[in-house]
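Written out below as C-alpha cells is the structure these notes cover.
Numbering (the working numbering), first residue to last: 2 to 185.
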C-alpha cells in the first residue's frame with residue numbers, strides 16, 4: 002500500500018482550498034478511500050484493511066483468526082451525522098440510482114478529473130467513483146466502484162447503477178437481511 006499525498010500547508014497556493022474541495026491536490030488509493038468509508042460505517046472506528054478474517058477447518062474449528070489493528074478516529078456522533086448525510090445523497094441526491102429495494106444505502110458520488118503524472122489534469126477525462134455501505138442502519142458491506150474514462154463521465158450516471166448491481170449481488174450471496182420493511 003502506498004502513502005497518500007497531501008501537499009504540506011506551507012506549499013498550498015491561493016487556489017488550493019477550491020482545488021482540495023473538488024478532489025485535486027490530494028491523492029489516496031481506492032483501498033484508503035474504502036477504509037475511510039468503512040470507518041463511518043463502523044461508527045467511527047477504523048479497522049486496518051485485511052484480506053482474511055479467519056481459517057476454519059472442515060469440522061468447524063477456527064484454525065487461526067486475524068485480529069486487525071483498530072482505533073477510533075471519529076466520534077460516534079460525527080460518524081452518525083456522516084452516515085445520515087450519505088443516506089441523503091442516495092435518497093435525494095446524486096446517488097439515487099444506487100437505491101436498493103428493502104435496504105437503506107449510504108454513499109457518495111465522485112467525478113474527479115483524470116490526473117496524468119507529469120502532465121496534470123486531463124481536460125474532459127474523468128475517473129468517476131461511487132463509494133457506499135449497505136444496509137446503512139447496520140452496515141455489513143462497504144463497496145467502492147470506479148471506472149477509468151467511461152463514456153458517461155458523471156458518477157451519478159455511470160457509477161450508481163454499477164454500485165447497485167454489485168451490492169444487490171453481494172447482499173444476496175452473503176445473505177444480508179434487509180433493514181426496511183415495505184408496507185403491502
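Think of the CB as a built atom: it goes at the ideal place given N, C-alpha and C, for glycine as much as any other residue. As the structure is a prediction and not an experimental result, all values here were calculated from the model.
Kindly give me the distance between the Cβ atoms of residue i and residue j, rounded to whole angstroms, as I take these residues to be in contact under 8 Å.
| i | j | result |
| --- | --- | --- |
| residue 112 | residue 134 | With a Cβ gap of about 20 Å, residue 112 and residue 134 do not count as contacting. |
| residue 129 | residue 155 | 6 Å |
| residue 161 | residue 78 | With a Cβ gap of about 28 Å, residue 161 and residue 78 do not count as contacting. |
| residue 144 | residue 167 | 6 Å |
Taking the alpha helix (DSSP H) that residue i belongs to, which residues open and close that run?
| i | result |
| --- | --- |
| residue 159 | 156–175 |
| residue 19 | 17–22 |
| residue 29 | Per DSSP, residue 29 belongs to no alpha helix (DSSP H) and is neither H nor E. |
Residues bridged to residue i by DSSP?
| i | result |
| --- | --- |
| residue 123 | 115 |
| residue 66 | 55 |
| residue 13 | According to DSSP, residue 13 bridges with nothing at all. |
| residue 71 | 48 |
| residue 35 | Bridge partners of residue 35: none, in fact. |
Where do the N-terminal and C-terminal ends of the beta strand (DSSP E) with residue i fall, by residue?
| i | result |
| --- | --- |
| residue 146 | 142–147 |
| residue 130 | 130–135 |
| residue 48 | 46–48 |
Can you name, in chain order, every residue of its own chain whose Cβ lies under 6 Å from the Cβ of residue i, other than the five neighbours on each side?
| i | result |
| --- | --- |
| residue 80 | 41, 44 and 45 |
| residue 75 | 45 |
| residue 6 | 28 |
| residue 66 | 55 |
| residue 122 | 114 and 116 |
| residue 141 | 177 |
| residue 48 | 69 and 71 |
Is residue i near the ligand COA - that is, is its Cβ less than 6 Å away from at least one heavy atom of it?
| i | result |
| --- | --- |
| residue 30 | You won't find the ligand COA in this model; it holds no ligand whatsoever. |
Between residue i and the rest of its own chain, which residues show a CB-CB distance below 7 Å, the 5 nearest in sequence each way excluded?
| i | result |
| --- | --- |
| residue 107 | 84, 87, 88, 91, 133, 134 and 137 |
| residue 181 | 103, 104 and 105 |
| residue 33 | 5 |
| residue 8 | 26 |
To which residues of the same chain is residue i closer than 8 Å at the C-beta, ignoring the five residues directly before and after it?
| i | result |
| --- | --- |
| residue 73 | 45, 46 and 47 |
| residue 58 | 64 |
| residue 152 | 159 |
| residue 150 | 115, 126, 127 and 128 |
Quiz item: At which residue ranges does the region 73–114 contain complete alpha helix (DSSP H) runs of 4 or more residues, listed in the order of the chain?
Solution: 77–93
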